[in-house]
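Trainee: Residue numbers for the sequence shown follow this note's numbering, so the first one is 4 and each next one is one higher.
The C-beta atom is built at its ideal place from N, Cα and C for all residues, glycine as well.
First the structure, which I've put down as structure tokens, then a few questions once you've had a look.
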Amino acid sequence: MKRIDEVLQALSRSRFRSGFRLDSRDAAYWGAKGPDVIRRHAEQFVRQRLAPAAPANDGRQTPLRGHPVFVAQHATGTCCRKCLEKWHGISQGRAFHEEEIDYIVSVLCAWLEEQTPSGGYDTPPLL
């Protein structure tokens, strides 16, 4: 696994990966739900679609749109096991460890927070 800031910098230099942006529906969903809910969604998607040793439909399991996390997965190279190995050094052919799941979710959330000026809230959270 790599440092999140370093991998996001490398991804920003990829013509393909840097082309992904949240559309207005995804941004509205992110703003309405907030980062905590989206983080739970991200963890659920990672556990179900990526964490098994041999995920179903690997390479095609992540839609291009329909949820902010899906867009983030393509933007961050966390959409399939091959991309995870290439961009993050997480090898294929085995189930993920908990720290790898946490790392992937953190990468996704870091990218999403970069895409949303308010950090994910339509209005600042109450303290």
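#1: Taking C-alpha atoms, which residue in Gln95, Arg97 and Cys82 lies nearest to Leu111?
#2: Use the C-beta contact count for Val40: other C-beta atoms within 10 angstroms, 16 or more gives buried, fewer gives exposed.
#3: Within the region 35–106, note down every full alpha helix (DSSP H) run reaching 4 residues or more, in order along the chain.
#4: Grab me the residues of Glu9's own chain with a C-beta within less than 8 Å of its C-beta, minus the 5 sequence neighbours each way, in chain order.
#5: Is Ala131 near Gly92, with beta carbons less than 9 Å apart?
#6: Judging by CA-CA distance, which residue of Leu87, Ser94, Gly80 and Ala75 is the nearest neighbour of Thr119?
#7: Which two residues bound the contiguous alpha helix (DSSP H) that contains Leu14?
#8: DSSP three-state call for Leu111: helix, strand or coil?
Mentor: Straight from the coordinates:
#1: Taking the Cα of Leu111 as reference, the smallest distance to any Cα among Gln95, Arg97 and Cys82 is reached at Cys82.
#2: Exposed: under 16 other Cβ atoms inside 10 Å.
#3: Complete alpha helix (DSSP H) runs here, min 4: 71–79 and 84–91.
#4: If you ignore the 5 residues before and after Glu9, its C-beta comes within less than 8 Å of no other C-beta in its own chain.
#5: Only positions 4 to 130 of the chain appear in the structure, and residue 131 is not among them; the question remains open.
#6: Considering only alpha carbons, the answer is Ala75.
#7: Its alpha helix (DSSP H) spans residues Ile7 to Ser15.
#8: Three-state DSSP puts Leu111 in a helix.
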